[in-house]
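What follows is a short report on a single structure.
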Amino acid sequence: MAQLDTLDIIVLAAICLGTVAYFTKGTYWGITQDPYASTYSAANSSKAGKTRNILEKMEESNKNCVVFYGSQTGTAEDYASRLAKEGKSRYGLETMVADLEDYDYENLDSFPEDKIAMFVLATYGEGEPTDNAVDFYEFITGESPSFSNESEPPLGNLKFVAFGLGNNTYEHYNSMVRDVTKALEKLGATKIGAAGEGDDGAGTMEEDFLAWKDPMWVDLAEKMGLEEREAVYEPVFAITEREGLTKDSPEVYLGEPNKMHLEGASKGPYNAHNPYIAPIAESREIFTVKDRNCLHMEIDISGSNLSYQTGDHVAVWPTNAGREVDRFLKVTGLLPKRDTVVGVKALDPTAKVPFPTPTTYDAIVRYHMEIGAPVSRQFLATLAPFAPTEAAKAEMAKLGSDKDYFHEKISNQYLNIAQVLQAVAGDEKWTSIPFSAFIEGVNKVQPRYYSISSSSLVQKKKISVTAIVESMHIPGREDALKGVTTNYLLALKQKQNGDPSPDPHGLTYDITGPRNKYDGVHVPVHVRHSNFKLPSDPSKPIIMVGPGTGVAPFRAFVQERAQQAKNGENVGRTLLFFGCRKSTEDFLYSDEWETYKKDLGDKFELITAFSRETPGKKVYVQHRLSERAKEVNELLQQKAYFYVCGDAANMAREVNTILGKIIAEQRGIPETKAEDIVKGMRSANQYQSVRFPLAKLVIITMSYQQTASHPEANFPPRPTSAMYNQNQIRTPRESQSQANASTPSTDAMTAMMSQFAGLSIPAANLTAGAAPMGPQLQYYFNQDGQPFIGPAAAAAGMYTQQQMAPAQLSELYNPYQTAAAVQQASYLTQASYAGFPGYTMMPYPSARAGYYADRTEHHKDVPGLENRRGSYSTTNESAPSTPYYGALQREQGGTHIAAVDRSVFGSTPSPQQLATQHADQHVTKPLPYKTIPINVDLDALLVQHPIIPRAIPAIFTPRENIRTLDQSLSNPIPNNRNVYIRGLHPNTDDETLAAYASRFGAVETSKAIIDTSTGACKGFGFAKYHNVRDSELCIRGFYKLGYEVGFARVDSPHSLSRGGSTKFFQESFNSRLKAEGDESSTNLYVSNLPKNMTESELGAIFMDYTVSSSRILRNSNNESRGVGFARFETREICDEIIRKFHGQPIGEEGLLLQVRFADTPAQKDLKRITTERRQFRTNEYNVGAYGAGSDIMTLSPPISSPVLPRTGMIAQHLPASRASGSWKRDGSASGYELRSMTDHDKSQRIDKPVPQQPLPLNRTLRMAVL
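In this note's numbering, the protein residues as written are 45 to 1310.
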């Protein structure tokens, strides 16, 4: 018999161990792959098999539409469910929702032609697929996907639609849906409609989804031959009460996530489906200031198989606050039945019950439904038929169909579902709503992720969490908006520290958990691994930027490097930029940094930025980063790793911009090249970021201004919720700044700036030596110590307010002073006005409340640019607009907009603002500027007659956004000699601009852009020279005087090849608009239709052609908006129809029919973005030129006072050729005519008494206001 040697024995032992392990897996050491499986087998239909073949699944369940989702936090899954639900109810599709990780993709090439696939795909992190979509993404975007057949193209039968969820604050915005769409089309699949993109960064995800899905369904119905039917709610789940069970029955789930937790046999691995109930080792508050709390919590994972690496995230599984649970159960009439045991079963074989059953209503609402989240407009429309009263039903229908009304009443107040139902129906109970509708329509509670603030090298089995307890005051809400998870953690902290009844902010959390399994000192968690990691080589230098709780992962990084240094390793330079409000208030871990400094020595440096430490001066991490530009660049050249953690909307984006500028300036290269270097760093993982909203509850942020220039907002409170049903809420939709680095919303900017135009500007009469006029005006000093005069903003905390010596006054530009005083004053440079209090920071005057006019009688669609041109010039830079009737006031107050002008603001400028004289100013004190090395006496040219005045300052443009001279002189387009000049005074006309421009060289053409409604310059113009060197000299000259100047955009795409590569340069708006068009589109947009026209009458207009479909847009009251769409067979027929019908009179009123191709989604986006930009620049110019900021400070006379006749004031400021009685708008695109200037109008001069009667509204002008 052979002898067994040692090796044989080892091999046999290994085989035996492997056998034992295999047969005991899941019993002693392992875990079932899906801890829900045993629980859900009864709840979900028995037909739901385990096949990974999606075609077999669709066949066996008789489905013809599958909605795939890639979701990280549950939002994409929710949208997928809503699409499936709508497809079934509206079009009779047999739909199913599919998790991408549940199926294989090799058989997609066999997808039937008569079926449809939908993809709802979220982008995670820096352009990555979500966890459940990784395999699909890698397969479908691979170089050569392997399909089951040999057909070419492999996906020729697949028809699909796609919607993406992204965040524009990330570089790779919505890259998932873009990459997948491109890959599918490359493989031969047919995309139906445009791929939609939702933007969480702009706070418009829900509206983006709704705006995409409606035209998508139209395109899909046309392509697949679907017929729309009346949508009737059909429940997905059957809810049955289990009379034989009570909440004490052992098989009843009271919030346990799966069967193992129910049976008390929880085992790992712990993940997004199976949390570990971890003991809390330590919890404390790092700081507590007023309503702000910051928690530090140590979570013990030693009893689990959980592990983490420095830089990972920990997920906390929250529970809803008892107050909100009670509110929901009360309003739905379920409060008496909260402990009733129910069973939930899927009626569809492909649907899944999202929680284990049997359970109770209380457990479902408390642990599984996101009842504290904002409610969707679409869900309210679904619930409307179940309203307890007809009035409530009508209100819900309106909220579900009217976007603006929904925003005003619901989303701006951040109401959750129970609060909405209470607001709509008062004390009435909503007992008719099927509970299945709530399971379908309210998102599932998702874990919240936090950057781990400890090093795994230092404490391997303890996870540190650093979190600000969220509490936000929303104007108009009686209660503060509280973060669900952070207040839950605060309650746990209070319990652990001896509070017998933890009740943070009046919230009652069930912190003991289901059946007291958490006992108040445990919390459900799991770990998610992250790519946010230190370099593997500790000798590499690192630069970290983390204000506020953004410092959490960097505490872990520094902690790890300190330990490495103690272990004798060579540690590289470690720079940490940290910012907070005050060193004595919210300086996180202030006592720890010196300890790390002792371990790391000179290798570690903490650079702090305290935004409110020094009165009148705010400092942010962005400023500190710029101050250390030289060292930062040197470290980057040593291959330092660069990390950012924090606010995605502002700080992270600004840091990215500043980093590019540092590289450009320090290395002497163009910024475009520096941007490429930064992108390369990201691609090489040398630049890493973890970005998050400052407060997840912030509704929307504004992208126009840098945060560093903002004082705190100081709005008066909005009307209370008690006014809701009285229809008295008429304030603009303001959004208040709640914390550092958050800014007011675009809506706030829109509402405020729309009030500037049309307001009377009094002369403040501040001559030399005068003091400010009462509390309205104030001297300020900006960050550079330069003085200026501005409105006395109540919260302009960052500006130093000082009394000046009278001798200094004549050297200041005061936009509110008289003409005589202006002659003696000089403008500050544009850069100096970067510190001016932003208009979004100004409080509303007490005498004025915003008024939103009803637009139901006017078209909501933006008309074509060819119908909206409101300037003499046809230059592309001219903003399309129609006359602004800001001078006309209704009895409700507020200014109004011309019927055919879809912009929120009017054209530039308002007539009353022209009452202030603006003459050429002489610079009485030289202002600092960069010396320009040219061999021409530029100063001598600038003082030639007529003297070019200083530019109207761009007072809202941040300093860092003002172009440098090198950028202004950049001219990559061959033979481009046209110069764009912005900052011109309102009295500049063609003749004046030509005189300014001709001193620099021979001018070929010049044009000042004039507003047709006022005759005043819009602030910009063009000068084209015969010689490009003269163009450059013109740029240098105007730049020296503070103008925004540079080579104008081109009218068509240009390219220039350099070094084998082709670079495309920025083209004009119209060229870009045309480029975004769809040359294959056969859909026409028809406007100016009579309001009583029907769809059949619209089709009858084109009776000589085959109309594929036609539709008239209607408002929530089913009234026509006067616009519609008609689709035809070919592009050629569409061209013929446009030639034949465009401009033809129609109906009894003889309206001129407007016909053009319908905008593509890309064209709509371009128009929206361009309009927002133009609106911002227009209003920035208004305030800079006329001091409109003083209007909102309620200077005398009051804003509500009668106004001057419009044309009379215009005449005073027009050249003689334009101030005649022939001032009239004949044949304007708007169809309305301003009355001719009469002798009475001419007599209304500013130097005469102002008549104190309101301007009468004749019928023509009444038609022109909204």
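Note that beta-carbon positions come from the ideal geometry of N, C-alpha and C, so glycine has one too. In this text, all values refer to a predicted model and were calculated from it rather than measured experimentally.
Checklist line | Identified DSSP bridge partners for S1154 | finding: Here the question's residue 1154 lines up with position 1110 in the sequence shown. Beta-bridge pairing links S1154 to A1170.
Check: Exposed or buried, which one is E287 when buried takes at least 16 other CB atoms within 10 Å?
Finding: In the sequence shown, counting from the first residue as 1, residue 287 sits at position 243. Exposed, by the Cβ-count rule.
Checklist line | Proximity of V987 and N1020 at Cβ, strictly below 9 Å | finding: Locating residue 987 in the sequence shown gives position 943, where the first residue counts as 1. Locating residue 1020 in the sequence shown gives position 976, where the first residue counts as 1. No; because the gap between Cβ atoms is not below 9 Å, this pair is not in contact.
Check: If you check the beta carbons only, do P402 and V419 fall under 9 Å apart?
Finding: Translated into positions along the sequence shown, residue 402 becomes position 358. Translated into positions along the sequence shown, residue 419 becomes position 375. For the 9 Å CB-CB criterion, P402 and V419 do not form a contact.
Note to self: Comparing C-alpha positions only, which one of N487, L533 and Y687 sits nearest to P579?
What the structure shows: As a working mapping, residue 579 is identified with position 535 in the sequence shown. With distances taken between Cα atoms, P579 lies closest to Y687.
Next item on the list: Using a threshold of 9 Å, state whether the C-beta atoms of P1205 and A238 are closer than that.
Entry: Locating residue 1205 in the sequence shown gives position 1161, counting from the first residue. Locating residue 238 in the sequence shown gives position 194, counting from the first residue. Taking 9 Å as the cut-off, the Cβ atoms of P1205 and A238 count as close.
Check: If we count the other Cβ atoms within 10 Å of its Cβ and call it buried at 16 or more, is L391 buried or exposed?
Finding: Residue 391 sits at position 347 when you count from the first residue of the sequence shown. Around the C-beta of L391, fewer than 16 other C-beta atoms lie within 10 Å, and the residue is accordingly described as exposed.
Note to self: Taking 9 Å as the threshold (C-beta atoms), are L534 and G564 in contact?
What the structure shows: Your numbering for residue 564 matches position 520 in the sequence shown. Your numbering for residue 534 matches position 490 in the sequence shown. No Cβ-Cβ contact shorter than 9 Å links G564 with L534.
Note to self: Please classify V224 as buried or exposed, where buried requires at least 16 neighbouring CB atoms within 10 angstroms.
What the structure shows: Counting from 1 along the sequence shown, the entry for residue 224 is found at position 180. Counting of Cβ neighbours within 10 angstroms places V224 among the buried residues, the total reaching 16 or more.
Notebook entry, point to check: Three-state secondary structure (DSSP) at Y113?
Noted result: In the sequence shown, residue 113 corresponds to position 69, counting from 1. For Y113, the secondary structure class from DSSP, reduced to helix, strand or coil, is strand.
Check: Any Cβ of chain C within less than 9 Å of the Cβ of R421?
Finding: This model lacks chain C altogether; it includes just one protein chain.
Notebook entry, point to check: Skipping 5 residues on each side, what residues in its chain have a beta carbon closer than 6 Å to that of F654?
Noted result: Here the question's residue 654 lines up with position 610 in the sequence shown. The residues K626 and S627, in chain order, have a CB closer than 6 Å to that of F654 in the same chain once the five nearest residues on each side in sequence are set aside.
Note to self: I'd like the list of long-range same chain contacts for N1015, defined as Cβ closer than 6 Å, with 5 residues on each side in sequence excluded.
What the structure shows: Looking up residue 1015 in the sequence shown gives position 971. Result list for N1015: F1091, in chain order.
Check: For the segment 422 to 489, which segments carrying the alpha helix (DSSP H) assignment without a break, of at least 4 residues, lie completely within its bounds, in sequence order?
Finding: For the segment 422 to 489, whole alpha helix (DSSP H) runs of length 4 or above, ordered along the chain, are 434 to 445, 447 to 453, 461 to 469 and 479 to 485.
Next item on the list: Find out if the Cβ-Cβ distance for the pair L632, C338 is shorter than 9 Å.
Entry: Within the sequence shown, numbered from 1, the residue matching residue 632 stands at position 588. Within the sequence shown, numbered from 1, the residue matching residue 338 stands at position 294. A contact, by the Cβ cut-off of 9 Å.
Note to self: What does DSSP give as the partner residue(s) for S515 in the beta ladder?
What the structure shows: Here residue 515 refers to the residue found at position 471 of the sequence shown. Its beta-bridge partners are K526.
Next item on the list: Taking 9 Å as the cut-off, decide whether the C-beta atoms of Y493 and A359 are in contact.
Entry: Residue 493 sits at position 449 when you count from the first residue of the sequence shown. Residue 359 sits at position 315 when you count from the first residue of the sequence shown. In this structure, A359 lies closer than 9 Å to Y493 by Cβ.
Notebook entry, point to check: In three-state DSSP terms, what is R1200?
Noted result: The count along the sequence shown starts at 1 and reaches residue 1200 at position 1156. DSSP places R1200 in strand when its eight states are reduced to three.
Margin query: Rounded to the nearest angstrom, what separates C689 and T510 at their Cα positions?
Written below: Walking along the sequence shown from the start, residue 689 turns up at place 645. Walking along the sequence shown from the start, residue 510 turns up at place 466. If I take the Cα positions, the gap works out to 13 Å.
Notebook entry, point to check: In three-state DSSP terms, what is Q730?
Noted result: Position 686 of the sequence shown, counted from the start, is the residue given in the question as residue 730. DSSP, read as helix, strand or coil, puts Q730 in coil.
Item checked: Which of helix, strand or coil DSSP assigns to D1010 -> Counted from its first residue, the sequence shown places residue 1010 at position 966. The three-state secondary structure of D1010, taken from DSSP, is helix.
Check: Which word fits K1051, buried or exposed, when buried means at least 16 other C-beta atoms lie within 10 angstroms of its C-beta?
Finding: The count along the sequence shown starts at 1 and reaches residue 1051 at position 1007. Buried, because 16 or more other Cβ atoms sit within 10 Å of the Cβ of K1051.
Checklist line | Rounded C-alpha distance that separates F331 from Y685 | finding: Against the sequence shown, residue 331 aligns to sequence position 287. Against the sequence shown, residue 685 aligns to sequence position 641. Spanning the two alpha carbons is a distance of roughly 31 Å.
Check: How many Å lie between I98 and A417 at the Cα?
Finding: To locate residue 98, count along the sequence shown from 1; it is residue 54. To locate residue 417, count along the sequence shown from 1; it is residue 373. Looking at the backbone, the Cα of I98 and that of A417 are separated by about 33 Å.
Item checked: Beta-carbon proximity check, C109 vs L152, cutoff 9 Å -> Position 65 of the sequence shown, counted from the first residue, corresponds to residue 109. Position 108 of the sequence shown, counted from the first residue, corresponds to residue 152. No, these two residues do not count as a Cβ contact at 9 Å.
Notebook entry, point to check: Looking at S310 and Y320, is the spacing between their C-beta atoms short of 9 Å?
Noted result: Along the sequence shown, read from residue 1 onward, the residue named residue 320 stands at position 276. Along the sequence shown, read from residue 1 onward, the residue named residue 310 stands at position 266. For the pair Y320 and S310, the CB atoms are nearer than the 9 Å cut-off.
Item checked: Expected contact under 8 Å - CB spacing of R1200 and Y1129 to nearest Å -> Position 1156 of the sequence shown, counted from the start, is the residue given in the question as residue 1200. Position 1085 of the sequence shown, counted from the start, is the residue given in the question as residue 1129. Yes, they are in contact, since the Cβ atoms of R1200 and Y1129 sit about 6 Å apart, within 8 Å.
Notebook entry, point to check: Rounded to the nearest angstrom, how far is the Cβ of A166 from that of M220, given a contact under 8 Å?
Noted result: Counting from 1 along the sequence shown, the entry for residue 166 is found at position 122. Counting from 1 along the sequence shown, the entry for residue 220 is found at position 176. Under the criterion of beta carbons closer than 8 Å, A166 and M220 qualify as touching, at roughly 7 Å.
Check: For S1164, which option in L1197, L1133, R1175 and F622 has the closest C-alpha, if you only look at C-alpha atoms?
Finding: Within the sequence shown, the letter at position 1120 stands for residue 1164. By alpha-carbon distance to S1164, the top candidate from L1197, L1133, R1175 and F622 is L1133.
Check: Any idea which residues DSSP pairs H573 with across the strands?
Finding: In the sequence shown, the residue the question calls residue 573 occupies position 529. Beta-bridge partners of H573 (DSSP): none assigned.
Next item on the list: Give me the Cα-Cα distance between E1035 and A1067, rounded to the nearest whole angstrom.
Entry: For the purposes of this step, residue 1035 is taken as residue 991 along the sequence shown, with counting starting at 1. For the purposes of this step, residue 1067 is taken as residue 1023 along the sequence shown, with counting starting at 1. A straight-line Cα-Cα distance of about 12 Å links E1035 and A1067.
Check: Is R625 helix, strand or coil by DSSP?
Finding: Counting from 1 along the sequence shown, the entry for residue 625 is found at position 581. R625: coil per DSSP, three-state reduction.
Check: In terms of residues, what are the limits of the beta strand (DSSP E) holding Y687?
Finding: Numbered from its first residue, the sequence shown carries residue 687 at position 643. Per DSSP, Y687 is one residue of the beta strand (DSSP E) stretching across Y685 to D691.
Check: Which of helix, strand or coil does DSSP assign to A233?
Finding: Translated into positions along the sequence shown, residue 233 becomes position 189. Reduced to three states, the DSSP call for A233 is coil.
Check: Do D344 and K504 have their C-beta atoms within less than 9 Å of each other?
Finding: Within the sequence shown, residue 344 is the residue found at index 300, counting from 1. Within the sequence shown, residue 504 is the residue found at index 460, counting from 1. Cβ distance not < 9 Å, so D344 and K504 don't count as in contact.
Margin query: Using only CA atoms, which one of A322, R617 and N211 lies nearest to K641?
Written below: The count along the sequence shown starts at 1 and reaches residue 641 at position 597. Closest option to K641, Cα to Cα, is R617.
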